[in-house]
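To convert, take the position in the sequence shown, counting from 1, and add 1476; that gives the numbering used here. A quick write-up on the structure given underneath.
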Amino acid sequence: MSEVHDSGDIGQSLAYICEKHDREPRRLLQILIDVQESCGFVSSEAITVIAQSLGLPRVQVEGAAGFYSFLPLAPAGRYRVLFSDDVTDRMLGSQELMRHFCNRLWLEPGKVSEDQAASADFTSCTGMCDQGPAGLVNGWPVTRLNRERIDLIADLILDRVPVSHWPPMLFQVDDNIRRTGMLLGEAFEPGSAIRALRARGPGGPEAMMAELKTSRLRGRGGAGYSTADKWAHCRESPGTARYIVCNADEGEPGTFKDRVLLNSYADLVFEGMTVGARLMGCAKGFLYLRGEYRYLREKLERILARRRGEGLLGTGIAGEAGFDFDIEIHLGAGAYICGEESALIESLEGRRGRPRNRPPFPAAHGYLDQPTVVNNVETLAFVSMIALDGGKHFAGTGTGESSGSKILSISGDCARPGIYEYPFGTPVQEILDDCGAEEAYAVQVGGPSGVLVSWKEFGRRISFEDLPTAGAFTIFGRGRDILQAVQNYVHFFAHESCGFCTPCRVGTQLQKKIVEKIAGGHGTASDLEELKHLGHLMRTMSHCGLGHTAPNAVLDMLEKFPGAYEQKLGSLSFEPAFDLDAALETARRITGRDDPWAHLPRQP
Ligand code: SF4
C-alpha cells in the first residue's frame, strides 16, 4: 500500500519516475499518477520537470494533470479522504458521515487542514454500492462506513498511523455474487479457450469469427454494438499494428460488476482479449483500469505474470509460432468520460480524455491511429465462453435481439444487494423479487444515463429491445424522494462533462441549476418546459454519449413521476438564466451553419 511521502528529494523521485516510464509521452498519465502517489499531489515544479523530461510543452502536461480529478494540483493532505457520492451512498447516510468526520478532524469539506495532514471531499461513485457507504483513503477503498468506522478512521489519522498499518477490515471488498448463470456459474480453466481456438485448425480464426457472428454477442458496455462486426471492421482495416483494449473504466454510478469480474474472473477476461488478439492480429493489448479500482492492480499483474509463465501470453502463445501478444495495465485517474472509447484512447495516449470526432471509428483509426477495438470487461469474458462452448450455445439464451445473459449490479432499497446474472429478457419484477426489494417504487436501470422505470413498468424486460443496460440496477423504495435522486444525477453530469462542446457543457450546468431551483421550492411551470427544451437540445446536439444521455433521468422524472416535483413548484415568474435560442443563433453566426453541430457524429 503506497504512502504519501514527506520527500526531501522530489527532484530525484521525479527523475526516477520519468525514467521508469522511458520518458515516453504516451505514458504521461501513468507518470502523473506515480507522482501523485509519491508526493500526494502534482506540483507546479513537478509539471515543469515532467514536461522537460518528456519533451512536451508545459501547458500540455498541466492540461492533462488538471483534467483528472485524482490528480490534485495543490497539497491534498497526507490523508486524502473521498466519500463516494453515489445516490445509494446518500441513501445510506454518507452526507451525515462526512459531516461527522469533518467535525472530528476540524476539517472543512473540500479544504486541507491547516497542518496539511488531511482533507475530505466527495467523489463520484466509487463502485462499491453493494457495500456502502464507501469512500477512498489515499486511493484505497473503504467500505460499509458507519459512525464507528468513521471514528476509527479519524483516530487513526489523529494518531498519524500510516494507511498501510490500518486494520484490513476497513478495506475489505466483497464480491457479493448472489445469482450465477451461464458465465458466472461455470468453472474456467485458464488456456482452455485458446486451446479450443487452436483445435479449430488452420482456419481457426475464421471459424471463431463465424462463431461470434452466430452468437450475436453485443457489447455489454451499454451501446450494444455487434462484437463480430466491430472485430471484422478492425481485421479488415489497414494498419501497421492492431490493438485490443479492455475498457475497465466502470464509471457509471451504480455499476460494479466489472470490479467483481476482474477480482474473481480475470482469466476469462484476459483470455477473451487473447482470443481477440489472435483473430485480429494484435500484438499488444491494454486493460484500462479505473482509478477507483487501483487496489486490484497488483493482483491483476500477478495473474498476467502467471499467464506469461504458462505460455498464455508473450511470444509463441500456446506453442503457436507467430502468436505473440501481451497485455499492459493502464490506470485511469477519476474521469467518467474516459469510459467513452475514443476518450479512453486519448487517455491511453497520455492526453486529456476528450472524445474524438467519429468517423473515423477506433476500429479503423484508434490507438496511435491504428485499428483498435475497445470492449467492455463483460463482453471479453463472454468471448472466452463462446470460444469454448460455441456461438449456438450462447445464442440459445436470451431474446431475439439480445442473446446470452447479462450481469447486473443491484443496489439501493433491497435486502440482498450484489451481483446477479440473468438471461436477457428477465422482467424487472422477477429481479426485484430475487433481491428482496419488497417495497420498490422505482428502478434506475443502466445508471443515470439509463432509464428511470416506475412501478407501473415492472413488467418490462432487461434487453436491448426494451431496457438496455450496462449493468446498474438501482432500486428506490416507497418514500424515497425521486427528485433528490435526480438532483444527484444532474450534479454528476455537470461535474463529469468534459466541457468540449457547448450543448453539454452549458446544458449540464443549466440542468443542475434548474433542478436545484425546483428542489429548493422556487421552480415554476416554465422551468419544467425549460428542462424539456434543454433535454432535447442536449440529446440532439451534444458531441458524445455523455451529453446525449445526461438529460435522461430528468426527462423520465418529468414524464413518470409528477408527484416528485409538483408540490415543490412555486409561483415565481420565470426568468431564464440563459437564452438557449440566442446561443444557437450565435453558434450559427460563428460557424455559418444552419445546424452548427449537425456535422458531429451521433453515438451508434
Ligand atoms: Fe464533452 Fe459533454 Fe461534449 Fe461529450 S457531450 S464532448 S462529455 S462536453
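For glycine and all other residues, C-beta sits at the position ideal for the given N, C-alpha and C. Just so it is clear, the structure is predicted and the values come from calculations on it, not from any experiment.
According to DSSP, simplified to helix, strand and coil, what is residue i?
i     : result
H1998 : coil
K2044 : helix
A1840 : coil
K1882 : strand
R1676 : coil
N1851 : strand
F1801 : strand
V1588 : strand
P1533 : coil
G1975 : coil
R1832 : coil
G1874 : strand
G1667 : coil
G1539 : helix
E2061 : helix
G2156 : Since the displayed the chain opens at 1477 and closes at 2080, residue 2156 lies outside it and no answer follows.
L1621 : coil
G1785 : helix
T1731 : coil
E1914 : coil
A1759 : coil
Does the ligand GDP have a heavy atom nearer than 7 Å to the CB of residue i?
i     : result
L2022 : Inclusion of the ligand GDP in the displayed structure is not the case, the ligand content consisting of the ligand SF4 alone.
Pull up the DSSP beta-bridge partners for residue i, would you.
i     : result
H1869 : In DSSP, H1869 forms no bridge with anything.
S1560 : T1599
W1616 : V1613
Y1764 : N1723 and H1806
Q1920 : L1928 and T1950
R1655 : Y1896
I1938 : L1943
Y1555 : A1594
S1887 : T1950
P1903 : R1937
R1694 : S1702
G1790 : F1801
By how many angstroms is the C-alpha of residue j removed from the C-alpha of residue i?
i     : j     : result
Y2041 : A1995 : 7 Å
S1489 : S1514 : 8 Å
E1951 : L2004 : It should be noted that the sequence gives Ile, not Glu, for residue 1951. One C-alpha to the other measures close to 25 Å.
E1584 : K2008 : 37 Å
N1739 : K1993 : 42 Å
L1581 : R1735 : 32 Å
Q1963 : G1867 : 43 Å
S1545 : R1636 : 25 Å
V1991 : R1766 : 29 Å
E1726 : F1732 : 7 Å
A1863 : L1744 : 11 Å
D1565 : R1671 : 44 Å
C1578 : L1568 : 18 Å
E1774 : S1860 : 23 Å
D1957 : S1885 : 22 Å
E1572 : R1827 : 37 Å
M1497 : L1807 : For clarity, residue 1497 is His in the given sequence; the question names Met instead. Whole-angstrom Cα-Cα distance: 13 Å.
W1931 : H1641 : 47 Å
L1820 : E1804 : 15 Å
L1755 : R1711 : 8 Å
M1658 : L1505 : 37 Å
I1509 : V1588 : 20 Å
L1943 : L1908 : 15 Å
L1928 : L1959 : 12 Å
I1507 : C1494 : 6 Å
T1703 : L1688 : 7 Å
Which two residues bound the contiguous alpha helix (DSSP H) that contains residue i?
i     : result
R1754 : A1742 to M1756
V1525 : S1520 to L1530
W1707 : T1703 to E1712
Q1846 : Note, Q1846: premise wrong, no alpha helix (DSSP H); not H, not E.
I1486 : I1486 to K1496
H1576 : S1570 to L1581
L1505 : L1504 to C1515
Within 8 Å of any Cβ in chain C, is that where the Cβ of residue i sits?
i     : result
A1995 : The structure shown contains no chain C, having only a single protein chain.
**OP:** Decide if the region 1914-1930 is in contact with the region 1675-1687; the criterion is three or more beta carbon pairs, one per stretch, under 8 Å apart.
**Re:** no
**OP:** Say whether the region 1501-1517 touches the region 1786-1802, bearing in mind that this needs 3 or more beta-carbon pairs closer than 8 Å, one atom from each stretch.
**Re:** no
Original post:
Three or more C-beta pairs closer than 8 Å, one from the region 1740-1759 and one from the region 1779-1793: is that the case here?
Top reply: yes
**OP:** Count the CB pairs spanning the region 1909-1916 and the region 1882-1901 that are closer than 8 Å, and state whether there are at least three.
**Re:** yes
**OP:** State whether the region 1802-1820 contacts the region 1756-1770, with contact taken as three or more CB pairs (one from each stretch) at a distance under 8 Å.
**Re:** yes
Original post:
Are the region 1966-1974 and the region 1937-1948 in contact at 8 Å, needing three or more beta carbon pairs?
Top reply: no
Original post:
Is there contact between the region 1526-1543 and the region 1688-1704, where contact requires at least three CB pairs shorter than 8 Å?
Top reply: no
Original post:
Per the contact definition of three or more C-beta pairs closer than 8 Å, is the region 1829-1848 in contact with the region 1715-1725?
Top reply: yes
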